[in-house]
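**Q**
Shown next, in the form of C-alpha cells:
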C-alpha cells in the first residue's frame, strides 16, 4: 500500500479535528466564567516576570469572505477610535492587578486589520500598553500587516513604537482566486509593503499563504509560492483554508463546488512544501516553514518551540494576556476569553471590570495532556518520561495513554521505551494522533479538515 493509500485508509481525508492551538480547545470553555478568577490569575503573576500580550483590533475596511476571525467592517476611523478608548480602559484595569516589575516579552497586534489604525492611534495605543508594562530587553513586537491598508506614515508610527517583526497576509496571488475569496491584493501592492518594512529596518518578516482555496490548482499555487519567495520572507505559515460557513457566515459567499477535494488539498500542500524546501526553508511542525537561523527554526532545533493561538512560536512565557473583543488569554491556571461581540465587550469594560465572558480553569490531567499534545504538534514525538518529570507523575501512567492508538492508527508510530515517535509518512495525521490524547468529547463538525 502506498503512503497516500495508507493515509486514505487511516481516515485522513475524512477526519475533522481541532488545530490544537490550545488544550482544552475553545469549544470546551465554559460560559459561566467571569472576570473574578482572571483578576486573581493576573495578581498571581510573579513580580518582575515577563509576559506576552495580544491586542485584537477587530475592524477591516473590507471583509474578506474566506476569513473566520471575529471582525467587522468600517469605512471611517470613528468606530476604531472609540474602540481603542475601551482597550485603553481595559489595559488600565489589568494594570491594577499586575504585580510590580512585569515586562512584555512578546507583543502582537492582530485582527482584523491593525494597520487600519491611523498613526496617532498607533502611538496612543502602544503608549497605553507600555504604561501598563514596558517591553523587555530583546523583546519581539509583531504586527499583522494588510498590504492594502498600510502607507509610509503608518509604517513610520509602527517602527517608532518598536515593531521589529511583521506578518504579511498573502493568501494567494491569483487574481481570479482573490476575487472569489473577496481579497483583492496585487503582487505589486504586497511588494511595496515589504519594501517599506525593510526600509524601516524590520528584519524579521512572516507571511501567511493558504492552500485549499476555491479554484486553486497546482499551477496557481506554484505561481503564488514563487512570487512569495521572491519577497524573501524569513518564515511562512502555510495554512489550510478552513471552510466553516456554519461558524463564519460570510464564507457562504464562497462557492463550495469550487473547493478542492481533501486529496487535492494534500497535493496543494505538498507542492508548496516542496517549493519552500527547495528554496532553503525547513518545515516547522505541521504548517510552518523557516529559514535556518530564524528564531522559530532555532527553537524547533533546541526543543523549546511552543504552540499557542498564533500557531508555532518561540515565545517561552507561560502567560499570554489578551486585550480587546474576543481575545483569549492563557495563564498557568487556565484560559479566559473576552466578550466576542464588540458591544458587549465595551459594556463590560466601561462598567469597570475585565471583559471575560468564557474560560476554563485547568483541572485533572489537563496540563499533562496539553503538554503531550503540544509536543506531538511541535516535534512529532513525545517522551513520556520527560512529561512525567515535568509534572511529577508516574511515567507508566502516561505510557498507558497510548493504549488504543495502534488500533486507531496502525503502524503510524513507534514506541521505544518511554518515547513515542510518529513515522514521517504519518506526520499529516498528527492532529488525529493528538485527538487520541484529548479527554474531552468533541463535535467533529465544528472543526476543520485534518488536511
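In my numbering, the protein residues as written are -3 to 447. By construction, the Cβ of each residue, glycine as well, lies at the ideal position given by its N, Cα and C atoms. All figures in this text were calculated on a predicted structure; none of them were measured in a lab.
What are the complete beta strand (DSSP E) segments, minimum 3 residues, inside the stretch 100 to 155?
**A** Whole beta strand (DSSP E) segments, 3+ residues: 131 to 141.
**Q** As a quick exercise: from 66, 76, 89 and 41, pick the residue whose alpha carbon is nearest that of residue 100.
**A** Ranking the options by Cα distance to residue 100, first place goes to 41.
**Q** Please go through the same chain and pick out, in chain order, the residues whose beta-carbon is closer than 6 Å to the beta-carbon of residue 121, but skip the five residues on each side of it.
**A** Excluding residues within five positions, the ones whose Cβ falls inside 6 Å are 80.
**Q** Quick one: measure Cβ to Cβ for residue 351 and residue 86, integer angstroms, because I've assumed they're closer than 8 Å.
**A** Residue 351 to residue 86, Cβ: 6 Å. Contact.
**Q** Is it true that the stretch 198 to 207 meets the stretch 223 to 231, where meeting means three or more beta-carbon pairs spaced less than 8 Å apart?
**A** Contact holds: three or more Cβ-Cβ distances are below 8 Å.
**Q** According to DSSP, residue 205 sits in a beta bridge with which residue or residues?
**A** Answer is 167 and 234.
**Q** Ignoring anything shorter than 3 residues or poking outside the stretch 384 to 431, list the beta strand (DSSP E) runs there in chain order.
**A** If we require 3 residues or more, the beta strand (DSSP E) runs fully inside the stretch 384 to 431 come out as 409 to 412 and 415 to 418.
**Q** Looking only at C-alpha atoms, which of 323, 427, 245 and 188 sits nearest to residue 283?
**A** Closest by alpha carbon: 427.
**Q** Work out the CA separation of residue 67 and residue 73 for me, nearest whole Å.
**A** For residue 73 and residue 67, the distance between alpha carbons rounds to 15 Å.
**Q** Taking only three categories from DSSP, how would you classify residue 66?
**A** Correct three-state label for residue 66: coil.
**Q** Given a threshold of 16 other Cβ atoms within 10 Å of its Cβ, counted over all protein chains shown, does residue 249 qualify as buried or as exposed?
**A** Exposed, since its Cβ has fewer than 16 Cβ neighbours within 10 Å.
**Q** In whole angstroms, what separates the C-alpha of residue 13 from that of residue 261?
**A** One C-alpha to the other measures close to 16 Å.
**Q** On the premise that residue 268 lies in contact with residue 455, defined as a C-beta separation below 8 Å, what is that separation, rounded to the nearest angstrom?
**A** Nothing about residue 455 can be read from this structure; the chain reaches only from -3 to 447.
**Q** Does residue 324 pass the burial test, meaning 16 or more other C-beta atoms within 10 Å, or should it be called exposed?
**A** Label assigned to residue 324: buried.
**Q** Can you check DSSP and say which residues form a bridge with residue 332?
**A** Answer is 325 and 355.
**Q** Run through DSSP, which three-state label would residue 339 get?
**A** If DSSP states are grouped into helix, strand and coil, residue 339 belongs with the helices.
**Q** Do you know whose CA, among 404, 346, 316 and 354, lies nearest residue 49's CA?
**A** For the residues 404, 346, 316 and 354, the minimum Cα distance to residue 49 belongs to 316.
**Q** By a C-beta neighbour count over all protein chains shown, 10 Å radius and 16 as the cutoff for buried, is residue 47 buried or exposed?
**A** Buried, because 16 or more other Cβ atoms sit within 10 Å of the Cβ of residue 47.
**Q** Which stretch, first to last residue, makes up the beta strand (DSSP E) that contains residue 51?
**A** Taken as a continuous stretch (DSSP letters only), the beta strand (DSSP E) holding residue 51 covers 46 to 53.
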